[in-house]
Structures are given as structure tokens and as C-alpha cells.
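In what follows, a structure is listed as C-alpha cells, so that the remarks can point back to it.
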Amino acid sequence: MSTVAAAQDDPFAHLNAAQREAVLHGGRRSSGPLLVVAGAGSGKTNTLACRVARLVAEGADPQRILLLTFSRRAAAEMDRRAGRMLLRLTGEGGKPPALPWSGTFHSVGARLLREYAPRIGVPEAFTIQDRGDSEDLLALVRHARGLADTERRFPGKATCLAVYSRVVNGVVPLGDVLAHAFPWCAAFEAELRGLFEAYVQEKQSQHVLDYDDLLLYWAHMMGDAALAADIGARFDHVLVDEYQDTNALQARILLGLKPTGDGVTVVGDDAQAIYSFRAATVRNILDFPAHFDPPARIVTLERNYRSTRGILDASNAVIALSPERFGKTLWSERAGGGRPRLVAVRDDADQARCVAETVLAHAEGGIALKSQAVLFRSASHSATLEIELVRRGIPFVKYGGLRFLEAAHVKDVLAVLRWAENPRSRLAGFRVARLTPGVGGRLATRLLDTMAQSADPVAALQSFDMPANVDEGWQPFAALYTQLHRASAWPADLEHAVRWYEPHLARMHDDAHVRRGDLAQLQRIAATYASRERFLTELALDPPAATSDESRDGGRDDDYLILSTIHSAKGQEWKAVQVLNVVDGCIPSDLSTGSQAEIEEERRLLYVAMTRAKDHLALIVPQRFYVTQQARGGDRHVYASRTRFIPDALLDKFDSQAWPSADEAARASALRAAEPVVDLAAKMRGLWR
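Residue numbering for the sequence shown is 16 to 704, as defined by our numbering.
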């Protein structure tokens, strides 16, 4: 393969100096550790893709490049860009070489665990359960241990799984997690410890792994010197995207793979570290250079290709008040747009009206609704706005709701496949067995117990003695199950499962015609995978975000406004952005001011929200909120103050405004006070007489 120097033109002419420095760091065989601190909108994806392409063009083996991302979509986009750049570098036609080890941490971990299963005591035929299934299995174990019958209310299944995940991913003792993140659960430490031990035993007996196990087992493999050396030797280069979003386990995995840092490149932005609730820690990126001797090289990308200068000046000023960070100042050649607006409104209702009118004004000015977003700290903050948007007929889609795979009908069909893949999975079996009319919880449990005690669980299912009133409905499933387990034909397996399920769909759901659309979508997704095992694994690790409800909302109009939590908006951009409730108590949240680290993450949240905007940015500051159902004093107004992250010293970075303006307020007041000249209401009533 020809070298970079052999290219007819400069393939990196489109890169700025800092991007080029990151791309050309080190050689094709080895290079010291590199940290690319990539500011918002600075072209980090393109930089990382160009680095991968340059390594391959200079002779690096694509089979020996490990590229770790945080979503399947990001991995696919990285592959596409790297491939396109590689063709430019080599001047060759055809299809660029694939990157077989490009994927999310969890998907790569699943592949390695399956490959090394015999050496680490994991069944090769393990299945992976998603978050919902993990919660349900915890609930079953919780019930079996009598924890639902305690005198005090024991934490629910979602809380239990959240505690378990924080302990595993943060590599933090249970007592510390309870004290700092779940203090209301601290009294149950002994019971939770026993619950988690039983949960692990139950997973192992059913040959299932959950989402957290994929990192936990991988990290423990890196703790074994022989395994770590074996796996690390498979890769010459390890590149990690969004390193600020990694947790302690992921950092341990990376350092175990390449303890000297040779061939390691991580890309990220400490100013966008906002996922501590998932056990991510900003310390990973802040401390990365010091893990190596000599320390990792740092290249900073400061040129922003997204936002106007005014937006960047304000964003830089907000994040500059953070006491510990990698120093950088984003800059842009994009002039115009003016300074961001800091808009004071009277209350939540006025905030909704102000935002809606601004959305319509932008639309009249040529900015499509899809190019506009309204962001908020918590999903509940948009409730009043949603009512106002409906009243004005403005279509919208809200991100952060029910996921596609959490819909009952989708979970039913996937459970059929999971049970066929792993007959020991009690959770999938319990769900599917009860779909047959007449099969209740007790009968399903007896069936699963019989299968668990048999050396051939499939034969046990076939010969299980079902009551006469159930047997007729059970036999078609027993035949399907045997077919799916004994001889997988993908993606026909899913088609057979859907065909069997359709009568149950019609029986159980009034909106079956809508839900069939989801199953058709599931079949389209399935056709893109080579096997049932890959399909089930990837879907559990990186599920689609759309739901049938979202699809219907979005389908009402070709254009619709985006509503999103700030966490869900990370990585996105829009021409116009409005941020709700930029006041203390909301940003920062009252629940996230217990420590300086929490407060600093809230500052980064505001920074992330501001840097999503390309041309127009408005931060809305309600002066008061109407609080209902208070134990003392009844309903009342509480007054709010502008977020502490925009002190008076930064006000010159914003255009401060009040809404409505004095003229608008006076006009509205006069209209309300004036006697009606024509009683239109009476005329309307008269039409129906």
C-alpha cells in the first residue's frame, strides 16, 4: 500500500494546524500516548478518523487497530469517514479495508468475553440481558429473599440496579456509594449486599450477563497478567473517543491493555464531562497524561466550526470559572448573530409563551423547526411548554422518553429469541410462557423449574405436561421453540417469531396496528445483522431510541421542534437553541449541589447546552415558580435567581432582556381591561341555535 507521501496532493489540507498535529503524531508501528483535548465543535470526529486512515495508509494492520466509541452509530460514522479518507490517501479505488475491532466498549467486551469464555469460566452460550431485564431479574431475586415484605419500604428494582451499577462501574465500595449517592438507602446496606450476591449467582445459573458484567469481566481479565498481555498484544493501536465519559472500569481496561501508553490515543473534552450519574468520572481525562512516563502528549483543538463568536465568547466565560480544567479558549471565524440573549420572564407560563413565540419568529425567518431545539436540565421542566406548543399547533419531538426496546410488544418478541438462544434464561422464559392463555405465573415457574433440572431443557419443554385447556395454544409455541433452538436461520427466525406472536398482539393490545409497525422496524434492523447472536447482543448494548409514540408524534408533520434534556443533547447541534430555567435550583439542580464536584458538573452542563447553538442562543430566566401541594403554607410562589454560573461580571457577554417588553406588556394589559366592542363569544353560540 502506498504511503501518505505518495499521495498526489496534500490529503490533510482541510485540517487546521492542531488537527494535523494530532493526526501525524507518532509512527505506524508505535507512538507514545496522545491526549487530544477537543473543544465543542472542533472537528474531533474528523480528526480521529483521519488519524486512523493515516495509520492504515502507512502500513498499520486494520485488524490490529482497536477503536472504542460510546455508540454503534459513532463507530459506524468513524468507519465511514476513515474509509473515505483512506481512499484519498492511497489514491486507490474500490472499497476501503474494514476496521473489525471498531465498536463500543460493551460490544467489544462482549466479543472478547465470548472468545475467551473457556479460559475465564464463562459459558460460551451466554446471553446478554438489557437494563429492563436486569431490573426484572433483580425484582425476582428481591422477592425471593423476602425483601418486599420488610417493615420499612425496601428500595425498588430500578434503584437497586442503579446502586449495583454505580458500585460496579465506579469501582467504589457499596457503603461509599450509598453514603454519597443514595443516602436514603444506607440503612439497607447489609440487605443490598446479600441481594447483589444472590443476583450474581442467579445470573450465573441462567448463563446470562448484564450490561455491567461486560466491563467488569473484561476489567478482571486485564487484572490477570497473562490474559492482559495476550489481549494487549493483539492491538498495535488503541483509540478511544469521548474519553471524558469513561468510568473507572473503562480506564482500568485501557491501562491494562497498554500499560506503557504505546499506541494509545484518547480524544475528549473535560468541559463536557456530564455523566457522573452513570459512574463516569472527569478524573480519567484530567489524570490521563500523568499515568505514563514520560507524560502523554497533549494536543488541544480550539478552533470551533459550529458557533458564532458571540456564543463562544459567552461559553468560554462560563467555563473559565471552573477551577480545574485543561486550558483552552474556543474561537471561530463565524461572525454575526450578536451576543446570546439572557431573557428574564415572570414565571413558567410566560417562559412557555416566550419560547413558543421565539420558535415561530425563527421559523418565519427561515429556520426550520428541526433546526431549533429547546433544552432543559430535567425532563419535567418542559411540561408547561409542551402544553403551550400543543395549543399553538407547533409539532415537537421530545428526547429522553421510553426507549424502543422498552415497549412491551418488542420485549415479548425479543424474549422469544433470547429464550431460544439460551434455554436457561428464566426471565425470558417466564415472559414468553405467560403469553399463552391459561399459563400463569405458577405454571410458568413449574415449567422453568423442570427445564432447569433437566440436562436437556428443550426436551423437557417438549414433554412438559400442560393442562388440557392450555395444551392447544401451547403446542404451536413448543414447535416454534424447538425449531428456533435446534436450527437457527437468520433473519428468518425473527419472522417466525413475529408470525407466532401476531395473534397475541391483537389479543393484548387495542393499538395492535400501530405496534405492528414497531415489529416491522425490528425486522428491518434484524436484516442488517449476520446472526441472531450478534443481533441480540448489539440490540441489548446499543438500542434504538425511537418509540412508536415518538414515531407518531414526529410523523404528524415533516418539520418539528426538538425538545431535549441537556444530557440527551450532547453531541448535537442546532441553528437556534433556547435553554429553560437558567436559575439556581434548576441549573444547578438543587439535588446536585452537595459537593464541589457536583456543582462543577452542573457548570459543565450549562456549557454543553450553550455550545449546541450555531447562530442563536437564548437562556431563559424565570423570576418565580408556582409550587403546589406544599405540606406547609399550601400553594405558593417561590422566587428564583439567575444561575450562579453567570455572575454579574459575565453579563457583558449577553444581551439582557425582559419578556414581554414594557410596550408589549402595556398593550396586553390594555386589551384585557377593555370592554369588548363585539361579543364574538355570543355570536359563536348563536351559530348553533
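Ideal Cβ placement from N, Cα and C applies to all residues, glycine included.
Notebook entry, point to check: Among 260, 94 and 656, which residue has its Cα nearest to the Cα of residue 281?
Noted result: 260
Check: Between the stretch 387-405 and the stretch 474-493, do at least 3 Cβ pairs fall closer than 8 angstroms?
Finding: no
Next item on the list: Have a look at residue 664 and residue 335 and give me their C-alpha separation to the nearest angstrom.
Entry: 12 angstroms
Checklist line | Test item: CB-CB of residue 442 and residue 216 under 8 angstroms | finding: no
Notebook entry, point to check: Is the stretch 369-384 touching the stretch 339-353, taking contact as three or more C-beta pairs under 8 angstroms?
Noted result: no
Checklist line | Beta-carbon proximity check, residue 178 vs residue 153, cutoff 8 angstroms | finding: no
Check: Out of curiosity, what's the CA-to-CA distance linking residue 186 and residue 41?
Finding: 33 angstroms
Note to self: If we require 4 or more residues per run, which alpha helix (DSSP H) segments fall completely within the stretch 292-377?
What the structure shows: 298-302 and 324-335
Check: Taking residue 211 as the reference, which of 588, 172, 306 and 104 has the closest Cα?
Finding: 172
Notebook entry, point to check: Based on Cα-Cα distance, which residue from 83, 137, 276 and 106 lies nearest to residue 119?
Noted result: 83
Item checked: CA-to-CA distance, residue 63 to residue 31, given in whole angstroms -> 13 angstroms
Notebook entry, point to check: What's the call for residue 110, buried or exposed, on a 16-neighbour Cβ count within 10 Å?
Noted result: exposed
Notebook entry, point to check: Quick one: Cα of residue 284 to Cα of residue 225, how far?
Noted result: 29 angstroms
Next item on the list: Following the continuous alpha helix (DSSP H) through residue 149, name the residue where it begins and the one where it ends.
Entry: 146-159
Notebook entry, point to check: Which of helix, strand or coil does DSSP assign to residue 40?
Noted result: coil
Margin query: Pop quiz: residue 356 and residue 85 are said to be a contact at Cβ under 8 angstroms. What is the actual Cβ separation, rounded to whole angstroms?
Written below: About 32 angstroms separates the two Cβ atoms, so there is no contact after all.
Checklist line | Stretch-stretch touch, CB-based, cutoff 8 angstroms, three pairs: the stretch 222-238 with the stretch 134-150 | finding: yes
Check: How would you label residue 221, buried or exposed, when you count the other beta carbons within 10 angstroms and need 16 or more for buried?
Finding: buried
Notebook entry, point to check: From what residue to what residue does the beta strand (DSSP E) around residue 579 run?
Noted result: 576-580
Next item on the list: May I ask you to report which of helix, strand or coil DSSP gives residue 26?
Entry: coil
Checklist line | Inter-residue spacing [alpha-carbon to alpha-carbon] between residue 122 and residue 405 | finding: 40 angstroms
Checklist line | Coarse secondary structure for residue 639, derived from DSSP in three states | finding: strand
Note to self: Considering only the alpha carbon of each residue, which of 251, 175, 248 and 188 lies closest to residue 214?
What the structure shows: 175
Note to self: Less than 8 angstroms between the C-beta atoms of residue 313 and residue 67, yes or no?
What the structure shows: no
Margin query: By DSSP's criteria, residue 411 is part of a beta bridge. Which residues make up the other side?
Written below: 576
Next item on the list: Pick out whichever of 371, 320 and 200 has its Cα sitting closest to the Cα of residue 169.
Entry: 200
Check: Closest by CA to residue 501, which one among 48, 477, 325 and 307?
Finding: 477
Notebook entry, point to check: Skipping 5 residues on each side, what residues in its chain have a beta carbon closer than 7 angstroms to that of residue 324?
Noted result: 347, 349 and 350
Notebook entry, point to check: Is residue 118 helix, strand or coil by DSSP?
Noted result: strand
Next item on the list: May I ask you to list the residues that DSSP assigns as paired with residue 10?
Entry: This structure leaves residue 10 out entirely; the chain is present only between 16 and 704.
Note to self: Using only the alpha-carbon positions, how far apart do residue 435 and residue 298 sit?
What the structure shows: 43 angstroms
Notebook entry, point to check: Just checking my contact of residue 581 with residue 360 at CB under 8 angstroms: how many whole Å lie between their CB atoms?
Noted result: No, residue 581 and residue 360 are not in contact; Cβ-Cβ is about 19 angstroms, not under 8 angstroms.
Note to self: Checking the sheet assignment: what are the DSSP bridge partners for residue 672?
What the structure shows: 358
Check: Run through DSSP, which three-state label would residue 218 get?
Finding: helix
Next item on the list: Quick one: using the 10 Å Cβ neighbour count with 16 as the cut-off for buried, is residue 514 buried or exposed?
Entry: exposed
Check: So, is residue 248 buried or exposed, given that buried needs 16 or more other C-beta atoms within 10 angstroms?
Finding: exposed
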